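Peer 1: Take a look at the following structure, please.
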Amino acid sequence: MKAFKRFYVWMMNAKLFMAVYFVAVVFLTGIVIAVSGGNSIGLLPLVEMLVVCWMISLLQCALLDETTDYSKGVFFGRSCIWLVISTVLFVGASVYFKWFAGLPSWCPWLLGAFMPLGLSAGLLGLKFSQDIETEKLNENLDRYQQKNNSINL
Amino acid sequence: MRMKVTVEHIEIAEPEIVIRCNQLDDELASVIDHFSGKKQRLQVVKDDTRYFLCPEKVCYVESVDGRVYVYTDDNVYQTRSTLSEITEYYQEEGFFRCAKSMTVNLNSIASLKSCTGGRIVALLSNGERILISRQYSRLLRNKLKGGKL
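Protein chains in written order, with the working numbering: chain A, 5 to 157; chain B, 57 to 205.
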C-alpha cells in the first residue's frame, strides 16, 4: 500500500509537469504555425503532443530528483541530458507525426530551437521559486530558533 | 538512585532544597530540573545503560517497527516513551512531528530547503537530511511563522 501511494504521488507530479509542457508545446507550435502562414492545429497532433509531453514529464521525474538543486553538480548534467532528449523527442515527433504538414520544412527546426529555451525557462522558474521559498523558510527558522532559545534561557 | 531525604521545618520565606552529593550525574540533574520547574530530561537507553538526555541535545526521534530511537549529533539511543508522548511533552522545546514516524527538534535544524511539490528537506546539525512531506510541510511553515498547529 505504501509503495502504491508513493507511486501515485509520483504519477501526480508527472501529470503536473505534463500539463505545463503541453501548454508550452501547443503555444510554441501555434507560434511556429502562425509565423509560417498557418492558422490551426489539428486534434490528432494535439493528442500526439500530449503523449510526447507525458513521456517527457515521466523522464523528468525519473532523471531529476526533485529534492535536489537542478543547477548544480550531477543534476546539472542530468537536466542537460533531459533537455536534449526532450528536444529530440519534440522535433522527432513533429516530423514523424507531420504536425506541420503543408507548411515549410524548417518549421520542426524552429520548434527545436524554441523548445530548449522554453524547457530551460521552466527549470529556471522552478529553481527561482525554490530559492525564494528556501530563503523565506530559513528566515522564519532563524526567527523561531532565536525566539525559542531566548524563552528557554 | 538511593538518597537520604531530610525535611527541616523552619521559618523561611520560600521552600528551599539543598542537594549534597559526591558527583552530579544525569539522574541527579534530572531531579534538579524537575524541582527547578524545567521539563524532565528524556530517559533513554544505550548498551543497557540508562541516560537522561537534555531535549536540546536531541536532533530527531524516530519510530521503527514499534521501537522509538532518539538521535543526537553523535549517538543513537532507544526510549520506552512513544513518539506522540515525546512530541507533546517537548512541544515547547521545539519538537515537531515532521512525519508519521518521526519528530524533529526544530532547534537542531541547520537549514531548510524548499522542493517541488511543496516538500521541504531539512539539514540537521548531525549532517543528516530528512524529507518533510507536503502535508507536514504546511504545518511546519505555519509553526515557523508562529501560528498554532
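We treat Cβ as the ideally placed atom computed from N, Cα and C, and that holds for glycine. These figures come from a predicted structure and were not determined experimentally.
(1) Locate the beta strand (DSSP E) running through residue 35 of chain B, then write down its first and last residues.
(2) DSSP state of residue 151 of chain B, grouped into three classes?
(3) Would the beta-carbon of residue 116 of chain A fall within 8 Å of that of residue 95 of chain A?
(4) So that I know if they touch, is there some Cβ in chain B lying closer than 8 Å to that of residue 148 of chain A?
(5) Compare the C-alpha of residue 100 of chain A against each of A/11, A/53 and A/34 and name the closest.
(6) In angstroms with no decimal places, state the Cα-to-Cα distance between residue 77 of chain B and residue 112 of chain B.
(7) Should residue 116 of chain B and residue 188 of chain B be called a contact, given that it needs their Cβ atoms to be closer than 8 Å?
(8) By the 10 Å Cβ neighbour count, where 16 or more other Cβ atoms means buried, how is residue 154 of chain B classified, buried or exposed?
(9) Return helix, strand or coil for residue 159 of chain B, following the three-state DSSP convention.
(10) Using the C-alpha atoms, what's the distance from residue 33 of chain A back to residue 120 of chain B?
(11) Does any C-beta atom of chain B lie closer than 8 Å to the C-beta of residue 177 of chain A?
(12) If the cut is a Cβ gap below 9 Å, which residues of chain A does residue 165 of chain B touch?
(13) In chain order, what residues of the same chain have a beta carbon less than 7 Å from the beta carbon of residue 18 of chain A, not counting five sequence neighbours either side?
(14) Compute the distance between the beta-carbons of residue 37 of chain A and residue 104 of chain A, then report whether it is under 8 Å.
Peer 2: Considering the structure as presented:
(1) For chain B, the structure presents residues 57 to 205; residue 35 of chain B sits outside this window and is missing.
(2) Residue 151 of chain B carries a strand assignment under DSSP once its states are collapsed to helix, strand and coil.
(3) Contact: yes.
(4) Cβ-Cβ to chain B under 8 Å: yes for residue 148 of chain A.
(5) Per the Cα distances, A/53.
(6) Rounded to whole angstroms, residue 77 of chain B to residue 112 of chain B spans 25 Å at the Cα level.
(7) No, the Cβ-Cβ distance between residue 116 of chain B and residue 188 of chain B is not below 8 Å.
(8) Residue 154 of chain B counts as buried, since at least 16 other C-beta atoms from the protein chains shown sit within 10 angstroms of its C-beta.
(9) Here residue 159 of chain B sits in strand by DSSP.
(10) Cα to Cα, the separation comes out at about 52 Å.
(11) Residue coverage of chain A in this structure runs from 5 to 157, which leaves residue 177 of chain A outside it and unanswerable.
(12) The answer, in chain order, is 145 and 149.
(13) Excluding positions up to five away in sequence, the list reads 61, 62 and 65.
(14) Their beta carbons are under 8 Å apart, which means residue 37 of chain A touches residue 104 of chain A by this criterion.
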